[in-house]
Structures are given as structure tokens and as C-alpha cells.
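Let me begin by presenting the structure, written as C-alpha cells, before commenting on it.
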Ligand code: ADP
Ligand code: MG
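In our numbering, the protein residues as written are 1 to 268.
Right, dumping it as C-alpha cells:
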């Protein structure tokens with residue numbers, strides 16, 4: 001329930017899929033940038049020890065003095081872990097390889113599944129007035145991903161348009177169901193977005209047809225095409241929207257942001 005003494009809280013979305021290389025980080029960065037273009041204030045939480053979202057947004061390892069790890073362990077002030085990026089309205093909590101030990105270190109912690117939930121709901125969040133928080137999850141269904149799901153209102157699932165794409169989905173859905181039955185009863189699936197789609201490839205079309213037949217409305221109408229500009233952008237430390245604003249990849253992420261906003265305004 002909303003607290004009348006505190007301003008509107010951000011919508012928190014976990015970008016998750018336990019498969020690596022399906023477009024989680026790419027979607028987090030570019031959807032985040034596209035939501036900023038629509039006038040939102042967005043916070044990206046890098047929850048992957050690989051720190052790809054941090055690198056892709058131009059935060060070098062040596063500039064990551066305080067990270068998501070410190071936030072989870074309550075060893076840093078929220079204001080000290082949030083960094084600005086070159087995109088107006090887009091902030092980041094960076095990650096380093098430190099996070100990989102969190103899984104083991106937190107086993108004895110009674111609140112281990114609620115650490116991110118609590119961190120993102122502390123009063124210090126209010127000053128930032130974020131509209132949306134996007135959590136870039138690691139490629140596994142470990143304690144970090146569970147933290148993301150417990151902290152979030154919904155889960156957005158990037159699905160690579162390739163054979164076997166749907167196979168891992170049942171396990172992901174099972175984890176969502178478990179979290180829903182325990183720590184976060186109102187957790188929703190925000191939607192499934194097809195990534196790296198190649199319209200000339202029959203396989204992409206088959207995966208799309210299969211996904212839409214099986215998952216219906218859960219699948220976003222917007223499809224993210226395979227686009228070389230999207231894959232080049234991180235090495236320039238920019239979202240594709242800034243790196244090549246007229247590219248097909250940029251257009252697709254703008255469309256996804258618009259569709260997402262319309263969708264959750266309908267539900268809210
Ligand atoms: P994950 O975070 O799920 O591991 P990434 O977002 O890092 O996946 O994407 C994996 C690789 O695919 C990266 O090299 C990325 O640049 C590339 N990639 C992602 N989306 C696209 C796209 N739409 N077009 C071309 N390359 C893409
Ligand atoms: Mg990633």
C-alpha cells in the first residue's frame with residue numbers, strides 16, 4: 001500500500017532470464033534510455049557481477065568504488081552508490097565482481113532475499129524521484145535474481161529469437177511463482193520481448209509464432225531486431241539511442257518504451 005507521507009514510488013522492473021547472451025543488459029540500458037527520452041527519471045541497478053551494464057554506460061571499473069554489493073549489505077548510503085550517466089535522467093548503481101560472492105556470504109542472513117527490496121524502499125530514495133527502476137539480473141536463478149524479483153513489481157523477460165528459446169522459460173516462470181507464493185505476492189510478468197530478431201530468417205519467425213501462440217498477450221508487440229549498431233554502442237559507452245539515434249535498434253527500443261508505458265498505465 002502506498003504511504004501517504006511519502007511521494008509516489010518508482011515502478012521497479014527486474015530484467016531477467018537465466019540464459020546468458022539473450023539481451024538482458026542491452027534491453028536494460030536501451031529501454032532505460034528510451035524511458036528517459038519519454039521524460040522519466042530512471043535508475044538502473046546493475047545486479048550482475050560481470051558489470052556489463054556499468055561498462056556499457058561508461059562507468060569504468062576504477063570508478064566503481066561503491067557498488068550494488070555495498071548497497072545490499074547496507075555498507076553504503078544510497079546517495080553514494082547512485083552515479084549519473086551521460087544520458088539525461090539516467091542513473092546507475094554499478095556492479096563489480098564483488099557481487100559474485102554475495103550468494104554465499106548472504107546464506108546466513110535471515111533477510112537475504114529482501115536486501116534489495118529494503119534498499120530500494122528506504123526514505124533516501126524519495127529525494128531522487130525516480131519513475132522507473134530497471135534491475136539488470138545475472139544469467140542465473142540465484143539469490144541475486146531472487147532479490148530482484150522480491151524487490152520488483154514485475155519481471156521483463158528478453159527472449160532471444162533462436163531455437164530452444166522457450167525451453168528455459170518454464171524454469172524462470174517457476175521461480176516467479178515461488179517468489180509470488182512467498183515474499184512478493186503481487187509480482188507480475190511485465191512481458192516477454194523478442195530480441196535479436198532477424199526478419200529474413202525463418203527461425204526467428206517460427207520462434208515468434210511459437211511464443212505468441214503459447215504466451216499470448218504476455219509477448220510484447222514490439223520486437224527488437226538484430227542490429228549491428230545495438231552491439232557496437234556499448235563499446236562507445238552509450239545507449240544505441242545516443243550512439244545512432246536513427247538506427248533500427250534505437251527505434252525498436254523507443255517503441256518498447258512506449259508500449260511498456262501504455263501497458264502499465266492500463267494496469268495501474
Ligand atoms: P545478456 O545480458 O542477456 O547476457 P546482452 O545484452 O549482453 O545479453 O547481449 C549479448 C550480446 O548480444 C552482446 O554482445 C550484445 O551486444 C548483443 N546484442 C544484444 N541485442 C542485440 C541486438 N538487438 N542486435 C545485435 N546484437 C545484440
Ligand atoms: Mg547481461
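Where is the CB? At the ideal position from N, CA and C, for every residue including glycine.
Contacting residues, own chain, Cβ-Cβ under 7 Å from residue 100 (five flanking each side not counted): Contacts found: 49.
So the candidates are 264, 19, 25, 202; which of them puts its Cα closest to the Cα of residue 95? It is 25 whose Cα lies nearest to the Cα of residue 95.
In chain order, what are the residue ranges of uninterrupted alpha helix (DSSP H) at least 4 long that sit wholly in the stretch 132–164? Those alpha helix (DSSP H) runs which fall completely within the stretch 132–164 and span 4+ residues are 143–151.
Could you please give the first and the last residue of the uninterrupted beta strand (DSSP E) stretch that includes residue 43? It spans 42–46 - the beta strand (DSSP E) in which residue 43 sits, taken as one unbroken run.
I want to know whether the stretch 55–67 touches the stretch 161–172 - three or more CB-CB distances under 8 Å. The stretch 161–172 and the stretch 55–67 do not touch, with fewer than three beta-carbon pairs separated by less than 8 Å.
Determine the extent of the beta strand (DSSP E) in which residue 191 is found, giving its start and end residues. It spans 188–195 - the beta strand (DSSP E) in which residue 191 sits, taken as one unbroken run.
Sorry if obvious, but does the Cβ on residue 139 come closer than 7 Å to a heavy atom of the ligand FMN? With respect to the ligand FMN, the structure shown offers nothing to examine, as its ligands consist of the ligand ADP and the ligand MG.
Quick check: does the Cβ of residue 231 come within less than 7 Å of any heavy atom belonging to the ligand ADP? Yes, the ligand ADP has a heavy atom inside 7 Å of this Cβ.
Tell me, which residues are paired with residue 11 by DSSP? When DSSP reads this structure, residue 11 sits in a beta bridge with 132.
Nearest to residue 23 by alpha carbon, out of 52, 6, 131? Comparing Cα positions, the closest option is 52.
Collapsed DSSP secondary structure at residue 1 in the structure displayed: Any reading at residue 1 needs caution, since the residue's pLDDT is 49, under 50, leaving its predicted position unreliable; the model's value is listed next. Correct three-state label for residue 1: coil.
Measure how close the beta-carbons of residue 78 and residue 124 come, nearest whole angstrom, since I'm counting them as under 8 Å. Taking the Cβ atoms as the reference, residue 78 lies roughly 4 Å from residue 124, within the contact range of under 8 Å.
Check this for me: beta carbons of residue 113 and residue 12, under 8 Å apart or not? No; because the gap between Cβ atoms is not below 8 Å, this pair is not in contact.
Should residue 47 go down as buried or exposed, given a rule of 16 or more other Cβ atoms within 10 Å for buried? The residue in question, residue 47, is buried, as its Cβ has 16 or more Cβ neighbours within 10 Å.
Beta-carbon spacing of residue 27, residue 242 below 8 Å: No; because the gap between Cβ atoms is not below 8 Å, this pair is not in contact.
The ligand MG heavy atoms versus the CB of residue 68: any closer than 7 Å? No, since every heavy atom of the ligand MG falls outside the 7 Å radius drawn around the Cβ of residue 68.
Under the criterion of a Cβ to heavy atom distance below 7 Å, does residue 171 qualify as lining the ligand MG? At a threshold of 7 Å, residue 171 does not count as near the ligand MG, since its beta carbon sits no closer than that to any of the ligand's heavy atoms.
Cβ-heavy atom distance between residue 79 and the ligand MG below 7 Å? Checking the Cβ of residue 79 against the ligand MG gives no.
Restricting to Cα atoms, I'd like to know which of 207, 185, 181 is closest to residue 195. The shortest CA-to-CA distance from residue 195 to any of 207, 185, 181 is the one to 207.
Return the Cβ separation of residue 143 and residue 102 in integer angstroms, given the expectation that the two are a contact with Cβ distance under 8 Å. Correct: roughly 7 Å between the Cβ atoms.
Based on Cα-Cα distance, which residue from 245, 132, 104 lies nearest to residue 261? Comparing Cα positions, the closest option is 132.
Going by the DSSP bridge assignment, what does residue 92 pair with across the sheet? According to DSSP, which records beta bridges pairwise, residue 92 is partnered with 44, 83.
Alpha carbon to alpha carbon, how far is residue 173 from residue 214? Residue 173 and residue 214: Cα-Cα distance of roughly 13 Å.
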